[in-house]
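This is the structure in structure tokens:
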């Protein structure tokens, strides 16, 4: 009986998701000299935001009629809403793609040619136009250590230093 109640509570929480949060994981890959970035966002929130951003009413992230056009829109949104500086220099994020897992969309990006990471500056306002209560949690796993920070709307910037 307790397991049924716990499952019901989890399902209800997922279905109604009363909080608005995305999680950005940035991993330094010293072997490949890169930053590997994954962004997890509730699918319905990202879809609603992309409809406004792309000025379209027809968008289905799970079953896109034109995957290339949707990838282009997701990439444009990510490039617009998430910028990084490595050791004081702006870097280019390369869009890898996205996938849906349960209620979330995972977007994958990569920054190449990162030979050192003494400081990472982040400017992020993902989904701020969608929800005033939006928070973006950023986790950095670097060779010099792990750090995390939570950006609450309207705050958009943070820095990690080693």
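Residue numbers (the working numbering): 11 to 172.
Built from N, CA and C at the ideal position, the CB exists for glycine as well.
Residue 127 and residue 172: beta carbons closer than 8 Å?
Position 117 of the chain shown, counted from the start, is the residue given in the question as residue 127. Position 162 of the chain shown, counted from the start, is the residue given in the question as residue 172. Result yes, Cβ atoms of residue 127 and residue 172 sit closer than 8 Å.
Quick one, which of 141, 96, 61, 108 has its alpha-carbon nearest residue 78's?
Taking the chain shown and counting its residues from 1, the one referred to as residue 78 is at position 68. Ranking 141, 96, 61, 108 by Cα distance to residue 78 puts 108 first.
First and last residue of the uninterrupted beta strand (DSSP E) at residue 35:
One-based indexing of the chain shown puts residue 35 at position 25. First-last of the beta strand (DSSP E) with residue 35: 31-39.
Tell whether a beta-carbon distance below 8 Å holds between residue 89 and residue 133.
Position 79 of the chain shown holds residue 89. Position 123 of the chain shown holds residue 133. No, the Cβ-Cβ distance between residue 89 and residue 133 is not below 8 Å.
Three-state class that DSSP yields for residue 4 in the structure shown
The first residue shown for the chain is 11 and the last is 172, placing residue 4 beyond what the model contains.
Taking just the CA atoms, how far does residue 52 sit from residue 31?
Within the chain shown, numbered from 1, the residue matching residue 31 stands at position 21. Within the chain shown, numbered from 1, the residue matching residue 52 stands at position 42. Spanning the two alpha carbons is a distance of roughly 8 Å.
Segment limits, beta strand (DSSP E) that includes residue 153
Here the question's residue 153 lines up with position 143 in the chain shown. No beta strand (DSSP E) contains residue 153, which DSSP labels as neither H nor E.
Out of 143, 155, 115, point me to the one whose CA is closest to residue 38's CA.
Sequence index remark: in the chain shown, residue 38 carries index 28 (1-based). Ranking the options by Cα distance to residue 38, first place goes to 155.
From which residue to which residue does the beta strand (DSSP E) around residue 2 run?
The structure shown has nothing for residue 2, since the chain only spans 11 to 172.
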